[in-house]
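**Q** Top line first, the protein sequences correspond to chains G and L. Heads up: the first sequence begins at 1 in my numbering, then just goes up one per residue. Heads up: the second sequence begins at 1 in my numbering, then just goes up one per residue. Heads up, the beta-carbon is just placed ideally off N, CA and C, and yes, glycines get one too. Treat the numbers as computed from the prediction; the structure is a model and nothing was measured.
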Amino acid sequence: MSFATALRCRECKREFLLEAQYVCDFCFGPLEVAYDYDAMREAVSRDSIERGPTSMWRYADLLPCDAENAVDIQAGFTPLIRASRLGEELGIDTLYLKNDCANPTWSFKDRVVTVAATKAREFHFQTLACASTGNLANSVAAHAASAGLDAFVFIPSDLEQGKIVGSAIYSPTLVAVDGNYDDVNRLCSELAGKYPWAFVNVNMRPYYAEGSKTLGYEVAEQLGWRAPDHCVAPMASGSLYVKIWKGLQELGNLGLIDEPKTRMSGAQATGCSPIVTAWNAESPDIRPVRPQTIAKSLAIGNPADGYYALGVLGETGGHGVSADDDEIVEGMKLLARTEGVFAETAGGVVVAGLKKLAESGRIKKDEVTVAFITGAGLKTQEAVMDTLEPPLRIEPSIVSFEEALGERQPGVKAASA
Amino acid sequence: MATQRVKFTFLQQLITLPIIYELGKEFNVVTNIRRADVTEDRGWVVLELEGDMEEIERGLEWVAEKGVRVDPVQGDIVEG
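1. Of all Cβ atoms in chain L, is any one closer than 8 Å to the Cβ of residue 28/G?
2. Would DSSP call residue 410/G helix, strand or coil?
3. Which residue marks the beginning of the alpha helix (DSSP H) containing residue 30/G, and which one marks its end?
4. In the DSSP assignment, what are the bridge partners of residue 44/L?
5. Does residue 202/G come out as helix, strand or coil in the three-state DSSP assignment?
6. Output yes if chain G places a C-beta closer than 8 Å to the C-beta of residue 45/L; else output no.
7. Return yes when the Cβ of residue 132/G is within less than 8 Å of the Cβ of residue 155/G, no when it is not.
8. For residue 247/G versus residue 214/G, is the C-beta spacing smaller than 8 Å?
9. Counting Cβ pairs, one atom from each stretch, are 3 or more of them under 8 Å apart for the stretch 377-386 of chain G and the stretch 322-336 of chain G?
10. Between residue 33/G and residue 143/G, how many whole angstroms is the CB-CB distance? I'm expecting something under 8 Å.
11. I want to verify the contact list: residues of chain G whose CB lies under 8 Å from the CB of residue 58/L, in sequence order.
12. Since residue 16/L meets chain G, which of its residues come closer than 7 Å, beta carbon to beta carbon?
13. Given that a residue counts as buried once 16 or more other Cβ atoms are within 10 Å of its Cβ, and exposed if not, what is residue 356/G?
14. What does the Cβ neighbour count give for residue 204/G, buried or exposed, with the cut at 16 atoms within 10 Å?
15. So for residue 345/G, helix, strand or coil by DSSP?
16. List, from N- to C-terminal side, the beta strand (DSSP E) runs of 3 residues or more that fit wholly inside the stretch 313-373 of chain G.
17. What does DSSP give as the partner residue(s) for residue 3/L in the beta ladder?
18. Looking at residue 310/G: is its Cβ nearer than 8 Å to the Cβ of residue 284/G?
19. Along chain L, which residues have their Cβ under 8 Å away from the Cβ of residue 390/G?
20. Can you name the residues that DSSP bridges to residue 102/G?
21. Write down the C-beta distance between residue 66/L and residue 14/L rounded to the nearest angstrom, noting that I regard them as a contact closer than 8 Å.
22. Examine chain B for any beta-carbon lying closer than 8 Å to the beta-carbon of residue 196/G, and answer yes or no.
23. Of all Cβ atoms in chain L, is any one closer than 8 Å to the Cβ of residue 11/G?
24. Between the stretch 125-140 of chain G and the stretch 386-401 of chain G, can you find at least three pairs of beta-carbon atoms closer than 8 Å?
25. Ends of the beta strand (DSSP E) at residue 7/G?
26. Identify the continuous beta strand (DSSP E) that holds residue 12/G and give its terminal residues.
27. Taking only the alpha-carbon atoms, compute the straight-line gap between residue 206/G and residue 302/G and give it to the nearest angstrom.
28. For residue 345/G and residue 53/L, I'd like the C-alpha separation in whole angstroms.
29. Under 8 Å by Cβ, that's how I've got residue 101/G and residue 343/G pegged, so tell me the actual separation to the nearest angstrom.
30. Using a Cβ-Cβ cut-off of 8 Å, state whether residue 111/G counts as contacting chain L.
31. For residue 274/G, report the span of its alpha helix (DSSP H) as first-last.
32. Between 224/G, 137/G and 211/G, which has its C-alpha nearest residue 185/G's C-alpha?
33. Could you tell me if residue 124/G is buried or exposed, where buried requires 16 or more neighbouring beta carbons within 10 angstroms of its beta carbon?
34. Give me, in chain order, the residues of the same chain whose beta-carbon lies closer than 8 Å to that of residue 80/G; leave out the 5 immediate sequence neighbours on both sides.
35. If contact is defined by three or more beta carbon pairs under 8 Å, each pair taking one atom from either stretch, is the stretch 144-164 of chain G in contact with the stretch 272-292 of chain G?
36. Could you tell me whether the Cβ of residue 362/G comes closer than 8 Å to any Cβ of chain L?
Shown next, in the form of structure tokens:
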């Protein structure tokens, strides 16, 4: 059962009923879900979680909705991969990848949407909607299809082809808006006031955001019920990054792991790095920017949770780091070459950030480090397509093969001759 | 009468201008500040506007023309 008790304003701490509300009536601050942690502590144990399903719904007692009603396409409990080769290349002894490419629509968004869709159905909405940079659109369209809900997804018109197809296949009403993601989001905020729809990242947002906590839970459980020493996560709005930390803290508060002392580092694309810029300037002020990066899933110029992300960076002793477009592509290729994981551009940002943090000694060699890979590379093939070696074109004969191979790899030809 | 919740974000060169005062004076709009954070080099103000919708829209257009970023409060940007 859920132990959620109220929606609480993150600014003035006033509480509200658990409804489709997302802004405090008094100070207009953002709302988040409050829980009865004492009751939760009585009900939840490592054993009760381990007996649960092999999806993020094994943590249903820590979420704001009941598993029996879940709109569930098996999000979560994705692999935690020991990344020895990448670790060796970067000089990190114990490196893991949390591979959220393995979700049903190939990104971590399935975690947040399964919670938002479940709440939407509890609140008797007929339509699921979102503003999206692509991954969320895919996930909303898929979950709506699974739940038999109508879907409206709004995306910037310059999105990668893979992300458009990845939504359209589920037959939502797909709306491409001429503008960047901030423009799309602004439009959806206005639409949310006009149409009786469950916008997962507007009026369902307090519930939606809770889904990201499960990344923190899973990593701790998969490490044998302990928090990592260091996490590196991508930052767009900053919500995911903040919620991973919240997940670890909650497990500590519930006595399921020792109090986490994890250093939380966050990575952004240089072309859209308002949080890292503020962190570097040691300023609490997030200045909105106009995004200009190939990492479109992180291209949020006015990050809602930026202020809270800065708080976590400071509180945990983490670091903010950014990577430019070339470094992002190199990060994607490095990850693929060493670990066999094809991540989207956000993964390239994380790996490039990881590399910088390791090279500068900000990740210590002996820290148990987890890098969060939040989406799959097939969605953003355009980012790397022109940087990869084309296939060898040959006639169907050994001679032709060896000739072509010799041109590409002279040493190999000599060996075979 | 309509109400609209908005967030104004001011850059440094606009901090010292009495834009909210002028908004209430030039347009038939009641301005009600709920939350704000203003420093010497930038600031934001979350407020509720009350008036005829057309008048609110005219007023917001005027504020934006002054160079202030205007966002709906519901428009807190979350990752997508």
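**A** By the coordinates alone:
1. yes
2. helix
3. Here residue 30/G belongs to no alpha helix (DSSP H), and DSSP marks it neither H nor E.
4. 9/L and 37/L
5. coil
6. no
7. yes
8. yes
9. yes
10. Not really, about 19 Å apart at Cβ, beyond 8 Å.
11. Result: empty, since nearest Cβ-Cβ is about 17 Å, beyond 8 Å.
12. What residue 16/L touches in chain G: nothing, since even the nearest Cβ is about 17 Å away.
13. buried
14. buried
15. helix
16. 320-323 and 368-373
17. 50/L
18. yes
19. Within 8 Å Cβ-Cβ: nothing; residue 390/G doesn't reach chain L, min ~33 Å.
20. For residue 102/G, which the question treats as bridged, DSSP gives no partner whatsoever.
21. 7 Å
22. Protein chains G and L are contained in the structure displayed, whereas chain B is not.
23. yes
24. no
25. 4-9
26. Segment: none, residue 12/G is in no beta strand (DSSP E) and carries neither H nor E.
27. 18 Å
28. 42 Å
29. 6 Å
30. no
31. 274-280
32. 137/G
33. exposed
34. 96, 97, 98, 99, 218, 219, 222, 223 and 370
35. no
36. no
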